[in-house]
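Residue numbers (our numbering), protein chains in the order written: chain A, 948 to 1176; chain B, 948 to 1176. Even for Gly, the Cβ is constructed at its ideal location relative to N, Cα and C. Computed from a prediction, not measured in an experiment: that's the story for all the values here. Heads up: the structure comes next, in structure tokens.
Protein chains: 2
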Amino acid sequence: MNVPDSRNVICTVDVVLLCLKAGSLHVALLRRDHNPYAGVLALPGGFVRPELDQNTSDAAVRMLREKAGLESPYLEQLATFSGQARDPRGWSVSIAYYALVPPDLLDLTAQPDVTLVPVDVPRALPFDHREIIAAAVERVRSKSTYSSLPVYLCGERFTLPQLQTVYESLLGESLNKVSFRRKMDELDILEPIQGEMETGRANRPAQYYRLKAGYRDQLSLCNRGLSSS
Amino acid sequence: MNVPDSRNVICTVDVVLLCLKAGSLHVALLRRDHNPYAGVLALPGGFVRPELDQNTSDAAVRMLREKAGLESPYLEQLATFSGQARDPRGWSVSIAYYALVPPDLLDLTAQPDVTLVPVDVPRALPFDHREIIAAAVERVRSKSTYSSLPVYLCGERFTLPQLQTVYESLLGESLNKVSFRRKMDELDILEPIQGEMETGRANRPAQYYRLKAGYRDQLSLCNRGLSSS
DNA sequence: TTTGCTTAGTATAGAATTTAGACAAAGCTA
DNA sequence: TAGCTTTGTCTAAATTCTATACTAAGCAAA
Chain A
948 MNVPDSRNVI CTVDVVLLCL KAGSLHVALL RRDHNPYAGV LALPGGFVRP ELDQNTSDAA
1008 VRMLREKAGL ESPYLEQLAT FSGQARDPRG WSVSIAYYAL VPPDLLDLTA QPDVTLVPVD
1068 VPRALPFDHR EIIAAAVERV RSKSTYSSLP VYLCGERFTL PQLQTVYESL LGESLNKVSF
1128 RRKMDELDIL EPIQGEMETG RANRPAQYYR LKAGYRDQLS LCNRGLSSS
Chain B
948 MNVPDSRNVI CTVDVVLLCL KAGSLHVALL RRDHNPYAGV LALPGGFVRP ELDQNTSDAA
1008 VRMLREKAGL ESPYLEQLAT FSGQARDPRG WSVSIAYYAL VPPDLLDLTA QPDVTLVPVD
1068 VPRALPFDHR EIIAAAVERV RSKSTYSSLP VYLCGERFTL PQLQTVYESL LGESLNKVSF
1128 RRKMDELDIL EPIQGEMETG RANRPAQYYR LKAGYRDQLS LCNRGLSSS
């Protein structure tokens, strides 16, 4: 009667690692090194290890470090997926996280096991990983309509036209330049980097910006959203 | 190496059952009938039972039925809480759900074990239940700024002034009547109940509305949010 | 060196949306 | 029947958003 069948539940953590490549959202997949599905591309993930992890968020950080060799600037719990059918080993829960990284942080030459796959191209995946990825993409696109989330897909510094392009590729629609700049200004999370301009192109140089110090780990929300629809 | 220490993880589900009482949000607590914390007020919850539950959502439905004796019109996964310290029995995860019910669905005389407690009055609770409740309240208030969520706190039928009052008590600010009605109209999820008016008060009777048939289990989102701030 | 091209960044006017206030509608009470 | 109250709608003013135009500034080619 005391601690019954819940001992039969397998407890794992999976991470949806997202970044922009060639203007579209990609997810990082790894070839699994053991059964089930050994050799198959899947989300980085694994068992929660109580002796190593203070909580599941720690476990997600550990997965990213061990399997993709990086510390993500943005990591958020997505949802928990559960049931009998999703894992052939038995009734399981997977606490899913998603991470956003700028492209330069994912050094694919140093991590030859990692494969970047466009999220919008349907593909068979083991477990319910396709569903988990779909939920993460949905969450990112939704949050991009009213928050500063996409900033985490940019590097340390970026120009406003670059940032606008990132928003536009996530939202799948073009944004009004004046409105976009007004809203970034209202968010009040960016600061120009004095004297640093994007040069080398045949036009007026664009100002480089960076996140203000206090906003490294904290989202900012717009009052009225960014897109028109 | 195969299925390691994750067997040592305790897997539970907790439900934050919310309703409006006297114009403010209340959470339903139950007196625990076994250790740890036997006799203490806590969230309805319990172990996931793989032989009974298809998934954790089923488990949450079961908790509501067994412990509070009701079927909630709205149930959504909130987040998963985890770690060594939150449960004296050991490293645990709790997949938390939240439910919204109209006041008349919670028959406290038939369920004498259930206690309704205002969410804004701080109170010591076992486990990390205070944190879980805070997250649920935060989620409900946040979603109320841009969605039809508060409708689930009303009964089968309600007038627009009643619904506006529900929004206002959740958001903690008064809303513009014209804007509120325009946005409810844009959501296009309510229909007037022909001929049914709220009578018995010393003023012009208000029209009763209900959710349109297709929207019983589905949220609708505003383009631009409801509140002004 | 100069001309032309391209994109950055800003100003402005017109369009669209939101809000505050006014007011008629309609039932209850006295 | 008069007066009170809240519902539901209309309208004008305030605010916000968008399209367009225009200057800024660097590169490339003549």
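Mark residue i as exposed unless 16 or more other C-beta atoms lie within 10 angstroms of its C-beta, in which case mark it buried.
i: M1144(B); result: exposed
i: A1032(B); result: exposed
i: P1020(B); result: buried
i: R1171(B); result: exposed
i: S1126(B); result: exposed
i: N982(B); result: exposed
i: R1163(B); result: exposed
i: K1124(A); result: exposed
i: P1049(B); result: buried
i: R1036(B); result: exposed
i: A969(A); result: exposed
i: M948(B); result: At M948(B), the pLDDT of 38 sits below 50, so the modelled position is not reliable; the number obtained from the coordinates is stated separately. Exposed is the call here.
i: A1160(A); result: exposed
i: P1097(A); result: buried
Can you check whether the C-beta of residue i is within less than 9 angstroms of a C-beta belonging to chain A?
i: P997(B); result: yes
i: R1012(B); result: no
i: A1046(B); result: no
i: Q1111(B); result: no
i: I1042(B); result: yes
i: L966(B); result: Before going further, note that residue 966(B) is Cys rather than Leu in the sequence given. No, its Cβ sits nowhere closer than 9 angstroms to a Cβ of chain A.
i: S1004(B); result: yes
i: C1101(B); result: no
i: T1106(B); result: no
i: V1084(B); result: no
i: S1176(B); result: In this prediction, S1176(B) scores a pLDDT of 44, lower than 50, which makes its location untrustworthy; the coordinate-derived value is nonetheless stated afterwards. Answer yes: the Cβ-Cβ gap between S1176(B) and chain A drops below 9 angstroms somewhere.
i: G986(B); result: no
i: G1172(B); result: yes
Tell whether a beta-carbon distance below 9 angstroms holds between residue i and residue j.
i: D1000(A); j: I1079(A); result: no
i: L1134(A); j: C1169(A); result: yes
i: S971(B); j: D1051(B); result: no
i: L1173(A); j: Y1156(A); result: no
i: L1107(B); j: Q1154(B); result: yes
i: L977(A); j: T1062(A); result: yes
i: D1015(B); j: A975(B); result: It is Ala, not Asp, that sits at residue 1015(B) in the sequence shown. The answer is yes: Cβ separation under 9 angstroms.
i: P1167(A); j: S1094(A); result: The sequence given here has Ser at residue 1167(A), not Pro. Result yes, Cβ atoms of S1167(A) and S1094(A) sit closer than 9 angstroms.
What does a CB cutoff of less than 8 angstroms around residue i pick up in its chain, not counting 5 residues either side in sequence?
i: L1025(B); result: V963, A1043, Y1044, Y1045, I1079, A1082, A1083 and R1086
i: L1011(A); result: V962, L964, P991, L1017, E1018, S1019, L1022 and A1046
i: T1092(B); result: L1118, G1172, L1173 and S1174
i: E1115(A); result: S1121 and L1122
i: C1101(B); result: P1049, Q1109, L1110 and V1113
i: S1004(A); result: L1022, Q1024 and Y1044
i: N955(B); result: G1037 and W1038
How about residue i: is its C-beta nearer than 9 angstroms to some C-beta of chain B?
i: G893(A); result: Because chain A here runs from 948 to 1176, residue 893(A) falls outside it and cannot be looked at.
i: Q1001(A); result: yes
i: I1080(A); result: no
i: P951(A); result: Residue confidence for P951(A) is low, a pLDDT of 46 falling below 50, so the modelled location carries little weight; the figure read from the coordinates is stated next. Output row for P951(A): interface = yes.
i: L1026(A); result: Note on identity: in this sequence residue 1026(A) is Ala, with Leu being the wrong assignment. For A1026(A), the answer is yes, since a Cβ of chain B falls inside 9 angstroms of its Cβ.
i: V1098(A); result: no
i: V963(A); result: no
i: V956(A); result: yes
i: G1037(A); result: yes
Beta-carbon within less than 7 angstroms of residue i's beta-carbon, same chain only, minus the 5 sequence neighbours each way: which residues are those?
i: D1034(A); result: I957 and F1074
i: E1231(A); result: An answer regarding residue 1231(A) cannot be provided, because it is not within the stretch 948 to 1176 covered by chain A.
i: T959(A); result: G992, G993, F994, V995, S1039 and S1041
i: Y1099(B); result: P1020, Y1021 and L1047
i: L986(B); result: The sequence shown places Gly at residue 986(B), not Leu. The residues are R978 and R979.
Apart from the five residues just before and just after residue i, which ones in its own chain have a Cβ nearer than 6 angstroms to its Cβ?
i: T1027(A); result: V1040 and I1042
i: S1029(A); result: V1040
Quiz item: So, do the region 1144-1154 of chain B and the region 1065-1074 of chain B have three or more beta carbon pairs nearer to each other than 8 angstroms?
Solution: no
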